[in-house]
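Reviewing the structure listed below.
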Amino acid sequence: MFANETQPAPGDGTPNEEAKLVVLVVDDEVWIAEELALGLEEAGMAVKIATSAVTAQAALAETNDIGVVVTDIRMPGEDGLSLVRRLVMNRPETEAIETVVMTGHATIEDAVAAVRAGAFDFVRKPFTLDEMIAVVAAARARAATKRQEARNRAQESRRLAAAEAEREEARARDPLTGLPNRAAFSARLAEMTVNAARDGSGMAVIALDLDGFAALNEAGGSAVGDVILQTIGARLRQATGPEWIVARIGSDEFAVASAACASQADALAVAERIRAAIEEPVPQPTGALRLTASIGVAHRATADRVALDDAALVAGSVARREGGSRCVLFTPAMQEAAERRLTVVRDLPHAVARQETAIYYQPIFNIADRRLLGFEALMRWRHPTLGFISPGEFIAIAEEGRVILDLGAWALRVAAAQASQWGAGTTRDLYITVNLSGRQIAEVDVAGMFKAALEAENLPAKALVAEVTETVALGPKAGEVVEAIRALGVRVALDDFGAGYSSLGVLGGLSVDTVKLDRALVMRVVTDTRERRLLTGLVATIHALGLKVVAEGIETDGQLQVVRQAGCEAAQGYLLGRPLTAAAATALVLAEG
Numbered sequence: 001m002f003a004n005e006t007q008p009a010p011g012d013g014t015p016n017e018e019a020k021l022v023v024l025v026v027d028d029e030v031w032i033a034e035e036l037a038l039g040l041e042e043a044g045m046a047v048k049i050a051t052s053a054v055t056a057q058a059a060l061a062e063t064n065d066i067g068v069v070v071t072d073i074r075m076p077g078e079d080g081l082s083l084v085r086r087l088v089m090n091r092p093e094t095e096a097i098e099t100v101v102m103t104g105h106a107t108i109e110d111a112v113a114a115v116r117a118g119a120f121d122f123v124r125k126p127f128t129l130d131e132m133i134a135v136v137a138a139a140r141a142r143a144a145t146k147r148q149e150a151r152n153r154a155q156e157s158r159r160l161a162a163a164e165a166e167r168e169e170a171r172a173r174d175p176l177t178g179l180p181n182r183a184a185f186s187a188r189l190a191e192m193t194v195n196a197a198r199d200g201s202g203m204a205v206i207a208l209d210l211d212g213f214a215a216l217n218e219a220g221g222s223a224v225g226d227v228i229l230q231t232i233g234a235r236l237r238q239a240t241g242p243e244w245i246v247a248r249i250g251s252d253e254f255a256v257a258s259a260a261c262a263s264q265a266d267a268l269a270v271a272e273r274i275r276a277a278i279e280e281p282v283p284q285p286t287g288a289l290r291l292t293a294s295i296g297v298a299h300r301a302t303a304d305r306v307a308l309d310d311a312a313l314v315a316g317s318v319a320r321r322e323g324g325s326r327c328v329l330f331t332p333a334m335q336e337a338a339e340r341r342l343t344v345v346r347d348l349p350h351a352v353a354r355q356e357t358a359i360y361y362q363p364i365f366n367i368a369d370r371r372l373l374g375f376e377a378l379m380r381w382r383h384p385t386l387g388f389i390s391p392g393e394f395i396a397i398a399e400e401g402r403v404i405l406d407l408g409a410w411a412l413r414v415a416a417a418q419a420s421q422w423g424a425g426t427t428r429d430l431y432i433t434v435n436l437s438g439r440q441i442a443e444v445d446v447a448g449m450f451k452a453a454l455e456a457e458n459l460p461a462k463a464l465v466a467e468v469t470e471t472v473a474l475g476p477k478a479g480e481v482v483e484a485i486r487a488l489g490v491r492v493a494l495d496d497f498g499a500g501y502s503s504l505g506v507l508g509g510l511s512v513d514t515v516k517l518d519r520a521l522v523m524r525v526v527t528d529t530r531e532r533r534l535l536t537g538l539v540a541t542i543h544a545l546g547l548k549v550v551a552e553g554i555e556t557d558g559q560l561q562v563v564r565q566a567g568c569e570a571a572q573g574y575l576l577g578r579p580l581t582a583a584a585a586t587a588l589v590l591a592e593g
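Going by the working numbering, the first residue of the sequence shown is number 1, and it counts up by one from there.
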């Protein structure tokens, strides 16, 4: 007896599976087939008989319950080996069949051929009934095991596929609101655009962001902010309808789109419903909050040369500039701005590699003696066709995606190299401040970046200062990241303080070395005596915390006089020095000695 692999003992297969498997006996000598069938049946097996390969195939086609085929090796027409090969090659594993080959004219070549064909075992005639029962039982158990294992694998595969589908669904959803996120919205929008172009249907996109949400979130905390966002998400679904997709595409930004919006008037009507829904009071334990939104509306009828989502964002920015709490329809007059945005989005990721970007350096002076203290590193981009692009324009776009991470890393490397050239922190008591974005704080090892930059240029830690805005400082990882940066000996400055609803509590909760007063605060104090007194008290409080104060945006002698009287020790602004090229900044450093 030969076998192509070690055989399990009879009964090793899955009992239920094995019990229902039928044995098919194939032999052109009917009496042999009948005697064998009778013996197998007496052993508790279900048996069918076929007298040729053709009738065997017919029997196999009728049912999947046949688990073992016992076949004579030589029969008229198709022989047993051919039948074995066909069964081995063409059966799915969940319907696995084991074959036992029997012959009265066996040679070693026959046995080898049977094994190579895939037979489970080879039995020579004459054989005893007990011998055949044992072989068939083992084959039956093997077939049952194979079928069960195949089913288990299929079930596991389905489970893994379902789990992956759930993960994919989770990746496409904003966890706070349950709405599709930006990536999912972009994918759906691409599909809708193709379908609308094919069907000739109207298509519209509405983009909105909540006016003053950052201040509300700061004042009330993230729990209040989360409730607001969840409430707005639910209201957007109610205000639109099943033909609209609703998504959260940013911190306080949402978008809705439909490929079944017939006209601009229909799109504006939906936008007005959205505005009304948003302006309904949001209940809070401390009292109802009233929100407004800047809403941009784009319809294919007037936005035919740009992506509708870009057009809606452009219209939304117009709504913000006009004071918010309004809906603005994208018009052909806005087309140029939308196309410009598209160009910026497309070319910004390649700007550094194409050597279109540069770092400019705005000097920071000691107010008392006008001594040069350092510089703030500021990104500049000169586009080959658009010319100089304002940082306010391209930085905002960069922060929408991961481009800001590449720009931020590049700016730090360039600033560190420049500091090394000037001998900052060594032969000259200078520093360069480098701005950090919220995405950098949240997504990359900022402290590791500073460490690498210092080591690459052999710089002392005091040569660089990390700047974070108050908004960034309120992020969940900010405290941890700031501590890691300061552990290197690198100082940290809190930028734009006083731009909005600033709180001294931020200073108590964040380990910084310097506070930079925003230009908006500086402008207010010049014309308002009360604001001047408040500034003096603010600076005194900051000094009491052991921190230094730099006034930003100094453009007039009057502003400089006010911040000096308030106690600020350093300042920067156009009055003292505009942002300079590296060459011009170097000349200033040399002139200072």
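No residue lacks a Cβ here, since even glycine has one placed at the ideal position from N, Cα and C.
Contact belief for residue i with residue j at Cβ below 8 angstroms, rounded distance in angstroms
i: residue 329; j: residue 264; result: 6 angstroms
i: residue 359; j: residue 373; result: Actually they are not in contact, since the Cβ atoms of residue 359 and residue 373 sit about 18 angstroms apart, beyond 8 angstroms.
i: residue 549; j: residue 568; result: 5 angstroms
i: residue 357; j: residue 386; result: Going by Cβ atoms, the distance from residue 357 to residue 386 rounds to 13 angstroms, so no, they are not a contact pair.
i: residue 411; j: residue 434; result: 6 angstroms
i: residue 436; j: residue 467; result: 6 angstroms
Residue i - containing beta strand (DSSP E), residue span
i: residue 391; result: Note, residue 391: premise wrong, no beta strand (DSSP E); alpha helix (DSSP H) at 391-398.
i: residue 590; result: Premise fails: residue 590 lies in the alpha helix (DSSP H), 582-592, not in any beta strand (DSSP E).
i: residue 35; result: Note, residue 35: premise wrong, no beta strand (DSSP E); alpha helix (DSSP H) at 30-42.
i: residue 467; result: 464-469
i: residue 551; result: 548-551
i: residue 274; result: Element bounds for residue 274: not the beta strand (DSSP E) but the alpha helix (DSSP H), 264-278.
The alpha helix (DSSP H) enclosing residue i, as first and last residue numbers
i: residue 294; result: Here residue 294 belongs to no alpha helix (DSSP H); instead the beta strand (DSSP E) covers 293-299.
i: residue 458; result: From DSSP, residue 458 is part of no alpha helix (DSSP H); its letter is neither H nor E.
i: residue 385; result: Unbroken run through residue 385: none, as it is neither H nor E.
i: residue 534; result: 529-544
i: residue 607; result: Here the chain covers residues 1 to 593 and nothing more, so residue 607 does not appear.
i: residue 485; result: 478-487
i: residue 496; result: Careful: residue 496 lies outside any alpha helix (DSSP H), inside the beta strand (DSSP E) at 491-497.
i: residue 353; result: Unbroken run through residue 353: none, as it is neither H nor E.
i: residue 441; result: 438-443
Residue i classed as buried or exposed, judged by whether at least 16 other C-beta atoms fall within 10 angstroms
i: residue 440; result: buried
i: residue 431; result: buried
i: residue 591; result: exposed
i: residue 579; result: buried
i: residue 574; result: exposed
i: residue 204; result: buried
i: residue 30; result: exposed
i: residue 610; result: Given a span of 1 to 593 for the chain in the structure shown, any question on residue 610 remains unanswerable.
i: residue 160; result: exposed
i: residue 180; result: buried
i: residue 561; result: exposed
i: residue 528; result: exposed
i: residue 187; result: exposed
i: residue 287; result: exposed
i: residue 63; result: exposed
i: residue 117; result: buried
CA nearest to the CA of residue i, picked from the options
i: residue 213; options: 139, 130 and 320; result: 320
i: residue 462; options: 243, 426 and 443; result: 426
i: residue 66; options: 20, 339, 572 and 507; result: 20
i: residue 146; options: 382, 95, 526 and 333; result: 95
i: residue 49; options: 248, 25, 61 and 36; result: 25
i: residue 519; options: 553, 527 and 543; result: 553
i: residue 298; options: 202, 275 and 238; result: 202
i: residue 271; options: 74, 283 and 254; result: 254
i: residue 422; options: 583, 160, 248 and 56; result: 583
i: residue 563; options: 366, 494, 244 and 419; result: 366
i: residue 252; options: 267, 266 and 227; result: 227
i: residue 236; options: 190, 36, 375 and 295; result: 295
i: residue 535; options: 546, 545, 547 and 551; result: 551
i: residue 132; options: 368, 35, 471 and 168; result: 35
i: residue 262; options: 302, 224 and 115; result: 302
i: residue 247; options: 195, 176, 285 and 197; result: 176
Those residues which DSSP pairs with residue i across a bridge
i: residue 180; result: 173
i: residue 659; result: Lying before the first or after the last residue shown, residue 659 is absent from the chain, which here runs from 1 to 593.
i: residue 379; result: 359
i: residue 428; result: 424
i: residue 248; result: 254
i: residue 450; result: Residue 450 pairs with nothing; no bridge assigned.
i: residue 372; result: 365
i: residue 433; result: 376 and 465
i: residue 46; result: 22
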